[in-house]
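What follows is a short report on a single structure.
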Amino acid sequence: MSEKGYFPNLNGLRAIGAFIVLVSHFYFFRMLMGYQETQWFPVPGKVGVALFFALSGFLITSLLFRELEKTHTIRLKDFYIRRMLRIWPLYYIILLLGFFVMNRIGIFKVPVLSDKMYQDLSWWNILNIILIIPNFTHYYVPYTDQRWSIIDEEMFYLIQPALLRIFRNKYVLVICFCLIVFSSEIFRSVIHVLRFDKHISPEVIRAVASQLEYLGCIAIGCIFSTLYYKREAITKKWLFSKWTQAGVVVIIIAFCAICYFVIHDELYFNLRWYSLLFGVVVLNAALNPRTIYRLENRMLVFLGKISYGIYMYHMFCLGIAFVIARTLFHNFWVEYLAYAILGIGLTVLVSWASYRYVEAFFLRLKPHGGGKKELPTQSGTAAKATA
Numbered sequence: 001m002s003e004k005g006y007f008p009n010l011n012g013l014r015a016i017g018a019f020i021v022l023v024s025h026f027y028f029f030r031m032l033m034g035y036q037e038t039q040w041f042p043v044p045g046k047v048g049v050a051l052f053f054a055l056s057g058f059l060i061t062s063l064l065f066r067e068l069e070k071t072h073t074i075r076l077k078d079f080y081i082r083r084m085l086r087i088w089p090l091y092y093i094i095l096l097l098g099f100f101v102m103n104r105i106g107i108f109k110v111p112v113l114s115d116k117m118y119q120d121l122s123w124w125n126i127l128n129i130i131l132i133i134p135n136f137t138h139y140y141v142p143y144t145d146q147r148w149s150i151i152d153e154e155m156f157y158l159i160q161p162a163l164l165r166i167f168r169n170k171y172v173l174v175i176c177f178c179l180i181v182f183s184s185e186i187f188r189s190v191i192h193v194l195r196f197d198k199h200i201s202p203e204v205i206r207a208v209a210s211q212l213e214y215l216g217c218i219a220i221g222c223i224f225s226t227l228y229y230k231r232e233a234i235t236k237k238w239l240f241s242k243w244t245q246a247g248v249v250v251i252i253i254a255f256c257a258i259c260y261f262v263i264h265d266e267l268y269f270n271l272r273w274y275s276l277l278f279g280v281v282v283l284n285a286a287l288n289p290r291t292i293y294r295l296e297n298r299m300l301v302f303l304g305k306i307s308y309g310i311y312m313y314h315m316f317c318l319g320i321a322f323v324i325a326r327t328l329f330h331n332f333w334v335e336y337l338a339y340a341i342l343g344i345g346l347t348v349l350v351s352w353a354s355y356r357y358v359e360a361f362f363l364r365l366k367p368h369g370g371g372k373k374e375l376p377t378q379s380g381t382a383a384k385a386t387a
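Residue numbers for the sequence shown follow the working numbering, beginning at 1 and rising by one.
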């Protein structure tokens with residue numbers, strides 16, 4: 001990591017994660033619009049999100065350790081302000097687009113679901129989405145499917161900086177993060193032992209356990225950062241090995257291939273396994289001078305820099321591309337190809353414009369770890385932008 005806080009290769013990983021989600025939603029969106037679709041892409045979108053989670057946990061923990069080294073504390077107020085300025089603008093923009101634009105215009109309405117969204121509207125559901133809290137009521141806003149991961153990250157980062165500020169011992173921190181990793185199993189066990197499962201709906205239990213699993217994915221990234229920055233020798237000895245680096249990529253590919261071609265269950269392997277493997281990738285990409293993950297080229301850096309926009313806007317852009325392609329072309333293959341090309345092109349264009357004219361404005365307001373304002377330079381912003 002440079003003095004400015006820039007980690008090499010992480011923009012490339014962000015770009016890869018964003019495009020996994022984008023491409024996996026090609027057929028998902030067409031299914032929402034009532035088409036019979038075959039899942040042709042062997043990597044599910046949630047695998048891309050697992051990469052984002054591991055990267056986010058590693059990156060933010062590393063930056064907080066750096067702040068601790070420089071200032072001997074973590075300014076929680078500044079941290080939360082930085083999170084708000086980075087995450088909230090696009091979150092509320094997609095909510096506005098979902099509520100007042102896409103689901104209001106006939107050609108963009110998702111069959112059944114758009115009308116159901118307005119029918120099920122209540123004060124509780126409004127508060128639920130505005131306050132960025134877990135959606136246990138399963139209230140669905142078409143075009144904003146991606147909100148779920150933002151909600152999980154915001155939940156996690158309410159407590160994570162406080163843990164680093166309070167507990168300076170590496171073993172205590174690792175134990176705390178491990179408890180979060182296994183919090184889903186702990187929750188289910190407590191519910192069962194206390195016999196609460198006889199009074200709580202199984203759907204609610206599954207929903208809470210699922211949310212806790214996602215928090216565990218982020219905590220895995222935090223563990224890798226903690227072990228490295230607390231000088232754990234095994235980190236470099238074993239995890240920096242070229243065999244380890246190549247091996248985790250092979251395992252990730254094998255997991256996806258087994259799920260797609262053999263088991264036919266895209267999420268047969270728990271996402272925490274993917275986050276564990278991606279944690280090794282992120283650690284090596286960012287900090288290993290002999291990494292085999294060389295992702296510092298101009299295109300990947302550019303796409304990584306706008307990856308948050310790609311993640312947040314892609315469903316809207318796919319909706320527009322879908323309508324245009326369906327209107328102009330009647331051959332299935334030509335229509336699908338046009339839909340894919342337009343979807344990618346629009347997503348990148350909108351994300352670039354958003355980064356330059358919307359996100360950059362808020363990034364300039366972010367307080368630095370030392371209390372000063374920071375400008376969104378390519379290096380600084382690239383490191384500090386969250387997944």
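Glycine is no exception: its CB is placed at the ideal position from the N, C-alpha and C atoms.
Output the distance between the C-alpha atoms of residue i and residue j, rounded to the nearest integer angstrom.
i: Asn270; j: Asn103; result: 33 Å
i: Leu194; j: Ile186; result: 12 Å
i: Gln119; j: Met315; result: 22 Å
i: Phe329; j: Gly343; result: 15 Å
i: Ile191; j: Ile81; result: 35 Å
i: Tyr13; j: Phe52; result: For the sequence presented, residue 13 should be read as Leu rather than Tyr. For Leu13 and Phe52, the distance between alpha carbons rounds to 8 Å.
i: Pro289; j: Leu127; result: 47 Å
i: Gly247; j: Lys198; result: 44 Å
i: Asn297; j: Met117; result: 42 Å
i: Ala383; j: Phe7; result: Any reading at Ala383 must be qualified, since the residue scores a pLDDT of 40, below 50, and its modelled position is unreliable; no value is offered.
i: Ile105; j: Phe99; result: 10 Å
i: Asp265; j: Glu37; result: 16 Å
i: Lys170; j: Ile180; result: 15 Å
i: Phe240; j: Leu295; result: 17 Å
i: Leu68; j: Arg147; result: 31 Å
i: Arg83; j: Val208; result: 24 Å
i: Leu442; j: Asn331; result: This structure leaves residue 442 out entirely; the chain is present only between 1 and 387.
i: Pro367; j: Val281; result: 30 Å
i: Leu227; j: Lys109; result: 48 Å
i: Arg30; j: Ala162; result: 43 Å
i: Phe58; j: Glu213; result: 17 Å
i: Val249; j: Ile218; result: 19 Å
i: Gln160; j: Gly279; result: 17 Å
On a CA-only basis, which of the options is nearest residue i? Give me that one, please.
i: Glu335; options: Met31, Lys242, Ala321 and Tyr171; result: Ala321
i: Trp243; options: Lys230, Asn284 and Leu267; result: Asn284
i: His25; options: Tyr357, Ala254, Arg364 and Ile310; result: Ile310
i: Ile107; options: Val323, Leu337, Ile341 and Tyr357; result: Val323
i: Ile341; options: Ile105, Cys317 and Val280; result: Cys317
i: Ser56; options: Ile220, Val262 and Trp352; result: Ile220
i: Val49; options: Ala338, Asn169 and Leu22; result: Leu22
i: Phe156; options: Gln211, Trp333 and Tyr274; result: Gln211
i: Tyr92; options: Tyr143, Met33, Phe240 and Leu173; result: Tyr143
i: Phe302; options: Trp333, Pro367 and Val348; result: Val348
i: Arg66; options: Ile306, Leu32, Trp123 and Arg165; result: Arg165
i: Ala360; options: Pro89, Lys109 and Val43; result: Pro89
i: Leu10; options: Ser307, Cys222 and Arg147; result: Ser307
i: Trp273; options: Ile253, Gln160 and Ile292; result: Ile253
i: Val172; options: Cys222, Val101, Asn125 and Phe196; result: Cys222
i: Gly412; options: Lys77, Thr61, Pro111 and Ile87; result: Outside the displayed span of the chain (1 to 387) sits residue 412, for which this structure offers no information.
Taking residue i as part of the alpha helix (DSSP H), name the residues at either end of that continuous run.
i: Cys222; result: Pro202 to Tyr229
i: Cys176; result: Lys170 to Val181
i: Gln36; result: No alpha helix (DSSP H) contains Gln36, which DSSP labels as neither H nor E.
i: Pro161; result: Arg147 to Ile166
i: Ile324; result: Ser307 to Leu328
i: Phe361; result: Ala360 to Leu363
i: Val348; result: Phe332 to Ser354
Beta-carbon within less than 6 Å of residue i's beta-carbon, same chain only, minus the 5 sequence neighbours each way: which residues are those?
i: Gly371; result: Unreliable positioning characterises Gly371 in this predicted model, as indicated by a pLDDT of 43, which lies under 50. The coordinate reading is nonetheless provided below. Here the set comprises nothing.
i: Ser149; result: Val49
i: Lys70; result: none
Can you list, in chain order, the residues of its chain whose CB lies under 7 Å from that of residue i, leaving out five sequence neighbours each side?
i: Leu346; result: Cys317, Ile320 and Ala321
i: Tyr140; result: Leu113 and Met117
i: Pro376; result: A caution first: Pro376 carries a pLDDT of 41, below 50, which makes its placement in the model unreliable, though a value can still be read off. Cβ within range, chain order: Ala360, Leu363 and Arg364.
i: Leu215; result: Asp152, Met155, Phe156, Ile180 and Ser183
Skipping 5 residues on each side, what residues in its chain have a beta carbon closer than 8 Å to that of residue i?
i: Tyr268; result: Ile258 and Cys259
i: Trp40; result: Tyr27
i: Val358; result: Pro89, Leu90 and Ile93
request  = Mind listing, in chain order, the continuous alpha helix (DSSP H) runs of no fewer than 4 residues lying wholly within the segment 72 to 132?
outcome  = 76 to 97, 113 to 119 and 123 to 130
query = Which ranges would you report for the alpha helix (DSSP H) in the segment 254 to 278 if only whole runs of at least 4 residues count?
reply = none
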